[in-house]
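Remarks on the structure that follows.
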Amino acid sequence: MDVSCDLQVDVNGEQIFMIDKKVICSYSGRINKLIGKSKRGTRYLKVIFHDFPGGAESFELITRFCYSKGKVEINSINVSTLYCVASYMEMEKSVSGNQNLFELTEKSLEDVRYWTWSELLDALRLCQNLMPVASSSGVIDKYLDSLIGRVASSCETSPCPSTSSADSSGFRLSCDTKSTESLRNSAFRATWWFEDLSSFEPFLIETLVKQMVSKNLDHGILSKFLFYYQKSRFSAAKTMDEKCKTMETVIEMLHLLDLSCISFKTLFGMLRITLNLKISKCSRNKLESMIGSHLDQATLDNLLLPSPVGSSYLYDVNLVLRLLKSFISKGSCCVPLTRLRKVASLMDLYIAEVAPDPCLKPSKFLALVRSLPESARDSYDAIYHATVMYLEVHSGLSEEEKMKVCSGLSYEKLSSEACSHLACNKKFPSKSAGQALITQQVKLKSLLQETNQASPYLDSPCSFVETGSPGHEDQQIVLYAGKLDLSTENEKLKEHLQGMQWRVLELEKACRKMQNQMAKMLNSRISSHNNARSLPRLCS
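Under my numbering, the first residue of the sequence shown carries the number 427, and numbering increases by one thereafter.
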């Protein structure tokens, strides 16, 4: 062993170097500190590095610099490595008055604006192997600042801005073949850089996009780049971990952008992809929040997502409920009524689609119905028909469970046809049918009263009379429709009233049938009580 080589350096377990400690110590403050802690009189010393930036190749580069007394050519290829190593080895100050490596490389980096586009990309790719020193030393920020400036400048100037004066933009743009061909077409002027940057690692993309946002680059272009990056990285990814990291980074960066600049359709595409990925809960919540806030742009197909593995139900109802929660997160009063009703119409379609699922629990069905305020719907007929379907499929529900399912209905917003159908439907609990009839009676009474007040041409107006003992439910509602002598202007009103009268008669018949059935059931179960309550009746 050469006696002058009295320092053994193990670099990340890759290679062991034997060097002269006096030579290396004259340049490196870090080595000086390590040797200073050793016992005096030790002939041979050993230093072990576990996280040396760039590994054995980088260490060999600085040893050449030390042994040549600073006579090493610094260029765009090695400046990144030398700068990071100089920072790591604390070569900012020369111990013996020799050349200061850190200052030399820093001065060289001032010329980064004159590098070609390819040289800049190569330097950034190299920095990915010099982490975390490349980030902490600030060299990545220098490169990204130059890169972002070129991208921004290309979007504002002519398609091939190969050079620019220091007074105008301060950047010299390369005009290599690939970039030039893309930039010639104005449609690609803002996106020509997508493919070049898609090879960067997620952590570098995160830093890049954050800086682009801070420099007010167009959010629409940034969102398109992130979607492009996600697709490109997925096609090249070899493991699920790589895909998860890429997806999490893209979601985090999209969350920084203006949502109005992001493609809603593409967000739903990402959501479908994440169903098979184990991304973090935080990233998943952010993606769902972005989608939920613009749920009025969704279609039924967007919502029909399969349930998670291990779930018994067909569609992922819980996901839809979370999206709805995000949509009205600031309160339904803060959402424009047009958007609210659009989502309500979408939910009517969705509820009708999931209602036949035999594994859908009553609590989930009711949660879907009640997810939006009553004001979001003008009519509850669609919800009624979905409820009919749900009760037909879930025939084994108890009366109590059926009542809970029906509690989501707004009887006041059911049409006369729906109320009539409900009263005759044996799948519905008797209390629900009774409530529908009472609501219909109140509607008729109100309508007739308004008609009597608004129609001075009625010779013999209809009267609405309630009979029966107070406090009892054996009340009868009698409609007396005298001869209607309406003017031409009220002909439509006459036809409507006549139609309502016929429907009342139909409801009366249905009600009597239900009363007879209920009477038989009650007599068989409660023989000791003869004062059983009956449903209200409609009679003429």
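All C-beta atoms in this analysis are idealised placements derived from N, C-alpha and C, irrespective of residue type, glycine included.
Just so you know, these numbers come straight off a predicted model, no measurement behind them.
Worksheet item: What residues match up with Phe626 in a beta bridge as DSSP calls it?
Response: For the purposes of this step, residue 626 is identified with residue 200 of the sequence shown, where counting begins at 1. DSSP output for Phe626 lists no bridge partner at all.
Worksheet item: So, are the CB atoms of Arg576 and Ser624 less than 8 Å apart?
Response: For the purposes of this step, residue 576 is taken as residue 150 along the sequence shown, with counting starting at 1. For the purposes of this step, residue 624 is taken as residue 198 along the sequence shown, with counting starting at 1. Inclusion of Arg576 and Ser624 in the CB contact set at 8 Å is not warranted, their separation being larger than that value.
Worksheet entry | Same chain only: Cβ atoms within 8 Å of Tyr776, ignoring 5 sequence neighbours per side | One-based indexing of the sequence shown puts residue 776 at position 350. By the criterion of a C-beta distance shorter than 8 Å, Tyr776 is surrounded in its chain by Leu726, Leu729, Leu730, Val746, Leu794, once the five residues flanking it on both sides are discounted.
Worksheet item: By a C-beta neighbour count over all protein chains shown, 10 Å radius and 16 as the cutoff for buried, is Ile445 buried or exposed?
Response: Residue 445 sits at position 19 when you count from the first residue of the sequence shown. That one is buried.
Discussion item. Along the chain, where does the beta strand (DSSP E) containing Leu552 start, and where does it finish?
Written reply: Numbered from its first residue, the sequence shown carries residue 552 at position 126. If you look at Leu552, you'll find it isn't in any beta strand (DSSP E); it sits in the alpha helix (DSSP H) that goes 543 to 553.
Practice prompt. To the nearest angstrom, report how far apart Arg539 and Leu552 are at their CA atoms.
Written response: Taking the sequence shown and counting its residues from 1, one reaches residue 539 at position 113. Taking the sequence shown and counting its residues from 1, one reaches residue 552 at position 126. As the crow flies, the alpha-carbon of Arg539 is around 18 Å from that of Leu552.
Worksheet entry | Glu800 versus Tyr837 - alpha carbon distance | Here residue 800 corresponds to residue number 374 of the sequence shown, with the count starting at 1. Here residue 837 corresponds to residue number 411 of the sequence shown, with the count starting at 1. Annotation: Glu800 to Tyr837 spans about 11 Å, alpha carbon to alpha carbon.
Fill in: DSSP bridge partner residues for Phe443 (one or two, in chain order)
Here residue 443 refers to the residue found at position 17 of the sequence shown. According to DSSP, which records beta bridges pairwise, Phe443 is partnered with Val435.
Worksheet entry | Through-space distance from Glu621 to Tyr509, alpha-carbon basis | Translated into the one-based positions of the sequence shown, residue 509 becomes position 83. Translated into the one-based positions of the sequence shown, residue 621 becomes position 195. Rounded to whole angstroms, Tyr509 to Glu621 spans 28 Å at the Cα level.
Worksheet entry | Any alpha helix (DSSP H) of 4 or more consecutive residues that is wholly inside the region 673 to 717 | Segments of the alpha helix (DSSP H) lying fully in the region 673 to 717: 690 to 700.
Worksheet item: For Lys448, which of Ile442, Gly439, Tyr470 has the nearest alpha-carbon?
Response: Translated into positions along the sequence shown, residue 448 becomes position 22. Across the set Ile442, Gly439, Tyr470, the C-alpha of Tyr470 shows the shortest separation from the C-alpha of Lys448.
Fill in: Distance between beta carbons of Phe443 and Phe968, contact taken as under 8 Å
Because the chain here runs from 427 to 966, residue 968 falls outside it and cannot be looked at.
Discussion item. Does Ser430 come out as helix, strand or coil in the three-state DSSP assignment?
Written reply: Within the sequence shown, numbered from 1, the residue matching residue 430 stands at position 4. Secondary structure at Ser430: coil, using DSSP grouped into helix, strand and coil.
Worksheet entry | Leu840 - DSSP class collapsed to helix/strand/coil | One-based indexing of the sequence shown puts residue 840 at position 414. It is coil, neither helix nor strand.
Worksheet item: Mind checking Leu530: buried by the 16 CB within 10 Å criterion, or exposed?
Response: As a working note, residue 530 is residue 104 in the sequence shown. The residue is buried, with at least 16 neighbouring Cβ atoms inside 10 Å.
Worksheet item: How many angstroms separate the CA atom of Pro784 from the CA atom of Ser821?
Response: Position 358 of the sequence shown holds residue 784. Position 395 of the sequence shown holds residue 821. Within the model, the alpha-carbon separation for Pro784 versus Ser821 is close to 10 Å.
Discussion item. So, at 6 Å on beta carbons, what are the nonlocal neighbours of Met517 in its own chain, with the 5 sequence-adjacent residues on each side left out?
Written reply: Here residue 517 corresponds to residue number 91 of the sequence shown, with the count starting at 1. These residues qualify, in order along the chain: Tyr453, Ser454, Leu527, Phe528.
Practice prompt. Kindly list the residues whose CB is nearer than 8 Å to the CB of Ala778, restricted to its own chain and excluding five residues on each side of it in sequence; keep chain order.
Written response: Here residue 778 refers to the residue found at position 352 of the sequence shown. Answer for Ala778: Ala808, His811, Ala812, Met815, listed in chain order.
Worksheet entry | Spatially closest choice to Thr675 from Gly695, Leu749, Phe694, Leu713, by CA coordinates | The sequence position of residue 675 within the sequence shown is 249, counting from 1. Minimum Cα distance to Thr675 is reached at Leu713.
Discussion item. Just to confirm my understanding: we take Cys492, look at its own chain, exclude 5 residues before and 5 after, and list those with CB closer than 6 Å. What are they?
Written reply: In the sequence shown, the residue the question calls residue 492 occupies position 66. So the qualifying residues of the chain are Val449, Ile450, Tyr453.
Worksheet entry | Pairwise C-alpha distance: Phe690 and Ile717 | Taking the first residue of the sequence shown as 1, we reach residue 717 at position 291. Taking the first residue of the sequence shown as 1, we reach residue 690 at position 264. For Ile717 and Phe690, the distance between alpha carbons rounds to 7 Å.
Worksheet item: Between which two residues does the beta strand (DSSP E) harbouring Leu471 extend?
Response: Translated into positions along the sequence shown, residue 471 becomes position 45. Looking at the DSSP string, the run of the beta strand (DSSP E) that includes Leu471 is 471 to 475.
Discussion item. Lys830 and Tyr806 - do their beta-carbons sit closer together than 8 Å?
Written reply: If you number the sequence shown from 1, residue 806 lands on position 380. If you number the sequence shown from 1, residue 830 lands on position 404. Not a contact, by the Cβ cut-off of 8 Å.
Discussion item. With a threshold of 6 Å on Cβ separation, who are the neighbours of Arg456 within its own chain once the five nearest residues in sequence on each side are excluded?
Written reply: Here residue 456 is taken as the residue at index 30 of the sequence shown, counted from 1. Result list for Arg456: Met515, Glu516, in chain order.
Worksheet item: DSSP state of Pro732, grouped into three classes?
Response: Position 306 of the sequence shown, counted from the start, is the residue given in the question as residue 732. In the three-state reduction of the DSSP assignment, Pro732 falls in the strand class.
Practice prompt. Check whether the Cβ atoms of Val639 and Leu682 lie closer than 8 Å to each other.
Written response: Taking the sequence shown and counting its residues from 1, the one referred to as residue 639 is at position 213. Taking the sequence shown and counting its residues from 1, the one referred to as residue 682 is at position 256. The Cβ-Cβ distance between Val639 and Leu682 falls below 8 Å.
Practice prompt. Out of Pro558, Leu634, Glu499, point me to the one whose CA is closest to Phe478's CA.
Written response: Numbered from 1 along the sequence shown, position 52 holds the residue referred to as residue 478. Nearest of Pro558, Leu634, Glu499 to Phe478, Cα basis: Pro558.
Fill in: Sequence-distant residues of its chain with Cβ nearer than 7 Å to Ser584 (five each side left out)
Counting from 1 along the sequence shown, the entry for residue 584 is found at position 158. Legend: pLDDT at Ser584 = 41, less than 50; position of this residue unreliable, value from coordinates given subsequently. Within the same chain, no residue comes within 7 Å of Ser584 by CB-CB distance, once the 5 residues on both sides are set aside.
Practice prompt. Would you mind listing the alpha helix (DSSP H) stretches within the region 785 to 850 that are 4+ residues and don't spill past its ends, in chain order?
Written response: Whole alpha helix (DSSP H) segments, 4+ residues: 788 to 795, 807 to 819, 825 to 832, 842 to 850.
Practice prompt. With a cut-off of 8 Å on the beta carbons, I'd call Asn504 and Leu487 a contact; round off their distance for me.
Written response: Counting from one through the sequence shown, the residue named residue 504 turns up at place 78. Counting from one through the sequence shown, the residue named residue 487 turns up at place 61. Indeed, because the Cβ distance is near 6 Å, the residues count as touching under 8 Å.
Item to complete: Using DSSP bridges, identify the partner residues of Tyr741.
Response: As a working note, residue 741 is residue 315 in the sequence shown. Per DSSP, Pro732.
Item to complete: Compute the distance between the beta-carbons of Ile677 and Ser649, then report whether it is under 8 Å.
Response: As a working note, residue 677 is residue 251 in the sequence shown. As a working note, residue 649 is residue 223 in the sequence shown. No; because the gap between Cβ atoms is not below 8 Å, this pair is not in contact.
Fill in: Secondary structure of Ala663, DSSP reduced to three states
Counting from 1 along the sequence shown, the entry for residue 663 is found at position 237. Assigned with DSSP and collapsed to three states, Ala663 falls in coil, not helix or strand.
Fill in: Closest residue to Trp543 among Ile574, Gln861, Lys657, Asp804 (Cα-Cα distance)
The count along the sequence shown starts at 1 and reaches residue 543 at position 117. Ile574 is the residue among Ile574, Gln861, Lys657, Asp804 whose C-alpha sits nearest the C-alpha of Trp543.
Discussion item. When you compare the CB positions of Ser572 and Arg615, do they come within less than 8 Å of one another, or not?
Written reply: In the sequence shown, residue 572 corresponds to position 146, counting from 1. In the sequence shown, residue 615 corresponds to position 189, counting from 1. No, the pair does not count as a contact, with Cβ atoms beyond the cut-off.
Worksheet item: Between the C-alpha atoms of Ser824 and Pro855, what's the straight-line distance to the nearest angstrom?
Response: One-based indexing of the sequence shown puts residue 824 at position 398. One-based indexing of the sequence shown puts residue 855 at position 429. Distance between the alpha carbons of Ser824 and Pro855 is about 9 Å.
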